[in-house]
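>
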Amino acid sequence: MHFKSILTVLSDEKLGDLTMEHAAELTQAHDAHLDVLCLGVDRTQQGYYYGGANAMVMRETLARAQDEAEALAAHAREWLGRTDLRWGVEEDVAILAQIGQQVAGRARFSDLVVLPKPYGKDHGVELEPVIEGALFEGLTPVMVVPDDATPMVAPKSVLVAWNGGAEALRSVRAAMPLLRGAERVHVVLVDPPRQGPNRSDPGGVLAQYLSRHGVKAEIDILAKTRNRVSDVLLRHAGDTAAQMIVMGAYGHSRFREAILGGATRNMLEQTDVPVFMAH
1 MHFKSILTVL SDEKLGDLTM EHAAELTQAH DAHLDVLCLG VDRTQQGYYY
51 GGANAMVMRE TLARAQDEAE ALAAHAREWL GRTDLRWGVE EDVAILAQIG
101 QQVAGRARFS DLVVLPKPYG KDHGVELEPV IEGALFEGLT PVMVVPDDAT
151 PMVAPKSVLV AWNGGAEALR SVRAAMPLLR GAERVHVVLV DPPRQGPNRS
201 DPGGVLAQYL SRHGVKAEID ILAKTRNRVS DVLLRHAGDT AAQMIVMGAY
251 GHSRFREAIL GGATRNMLEQ TDVPVFMAH
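Numbering follows the UniProt record's numbering, in which position 36 of the sequence shown is assigned residue number 36; successive positions increment by one, without gaps.
(1) Does DSSP put Pro146 in a helix, a strand or coil?
(2) Taking the runs of the alpha helix (DSSP H) that are 4 residues or longer, which of them lie wholly in the UniProt domain "UspA" (156 to 278)?
(3) Judging by CA-CA distance, which residue of His33, Thr140 and Asp42 is the nearest neighbour of Gly105?
(4) Excluding five sequence neighbours on each side, which residues of the same chain lie with their C-beta closer than 7 Å to the C-beta of Tyr119?
(5) Please report the Cβ distance between Leu7 and Cys38, rounded to the nearest whole angstrom; I am assuming they are in contact, meaning their Cβ atoms lie under 8 Å.
(6) Among Ala168, Val229 and Ala154, which one has its Cα closest to the Cα of Val160?
(7) Hey, Leu62 and Asp42: beta-carbon distance below 9 Å or not?
(8) Mind listing, in chain order, the continuous alpha helix (DSSP H) runs of no fewer than 4 residues lying wholly within the stretch 62 to 121?
(9) Just tell me which of Thr83, Gly16 and Leu26 has its CA closest to the CA of Leu72.
(10) Are the CB atoms of Met277 and Val142 nearer to each other than 9 Å?
(11) Hey, could you find the ends of the beta strand (DSSP E) Leu139 is sitting in?
(12) Roughly how many angstroms lie between the CA atoms of Arg256 and Glu137, to the nearest whole one?
(13) What are the boundary residues of the beta strand (DSSP E) that His33 is part of?
(14) With 16 as the cutoff for other CB atoms within 10 Å, does Thr150 come out buried or exposed?
(15) Assuming Phe3 contacts Pro177 (C-beta within less than 8 Å), just tell me the rounded distance between them.
(16) Do Val153 and Lys117 come within 9 Å of each other at the CB atom, strictly closer than that value?
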């Protein structure tokens, strides 16, 4: 797989430049096209208002969201105009309940979506459903970048969180362009099962698969010494100086929509390096 069409979604002016920096660096490194979707978000909950006020509130909030979308798009065009990338900018208005569907519609025709970390001080509530839309409805790999992370187009050390699941395997396959360029890839298993066909060589089949793609991988077997698997993985990421984490994105259903599961959420809350995920 190659990254030839990269998408990023801007909904917060404070996070815009950081996200575009990461996306632009990846776009240039992979000779790709960058699409920027600028969303003005209506964050109000209409049910909180009495009937007669709903229409008035909606007009005001949608007008404000349109202004935000136009401002984000103008800034993105100015920022990208100083680069030599191939790019396009689109603006739109979204209500919070439907933002995932709007993002999914664009993400489906992209090879990778670059998004800011959804959790943190002053981070908007729309960031989480944006990621969920790209992953679970758009079925597109996502790279989540922390607020203070340096743009990383060719990480030298990568941690792969491996549990043998389909989501983890899809993430590895999608991240192959980045894994091939790494000097060290640590395939990490936390308390692998003692029964099953791979019990004598946990992670060995994946290491063989990676080697056929020119990726040199080491297998690290870790005990679950902390309450959360994400804490064990993040500590090992620090110990191995990992510059990126590759993992499956897991979710569960809520009113027929997929939302981020606890393990995935914990990782995104705590990480200080980019996380590459697929579902």
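Ideal placement from N, C-alpha and C gives every residue a C-beta, glycine not left out.
Concretely, from the data shown:
(1) coil
(2) 166 to 174, 176 to 180, 204 to 211, 229 to 239 and 262 to 270
(3) Thr140
(4) Leu268 and Glu269
(5) 12 Å between Cβ atoms; not a contact.
(6) Ala168
(7) In this structure, Asp42 lies closer than 9 Å to Leu62 by Cβ.
(8) 99 to 107
(9) Gly16
(10) yes
(11) First-last for Leu139: undefined, no H or E at that position.
(12) With a pLDDT of 46 at Arg256, under the threshold of 50, the predicted position of this residue should be treated as unreliable, though the coordinate-derived value follows. Going from the Cα of Arg256 to the Cα of Glu137 covers about 11 Å.
(13) Its beta strand (DSSP E) spans residues His33 to Asp42.
(14) exposed
(15) 6 Å
(16) no
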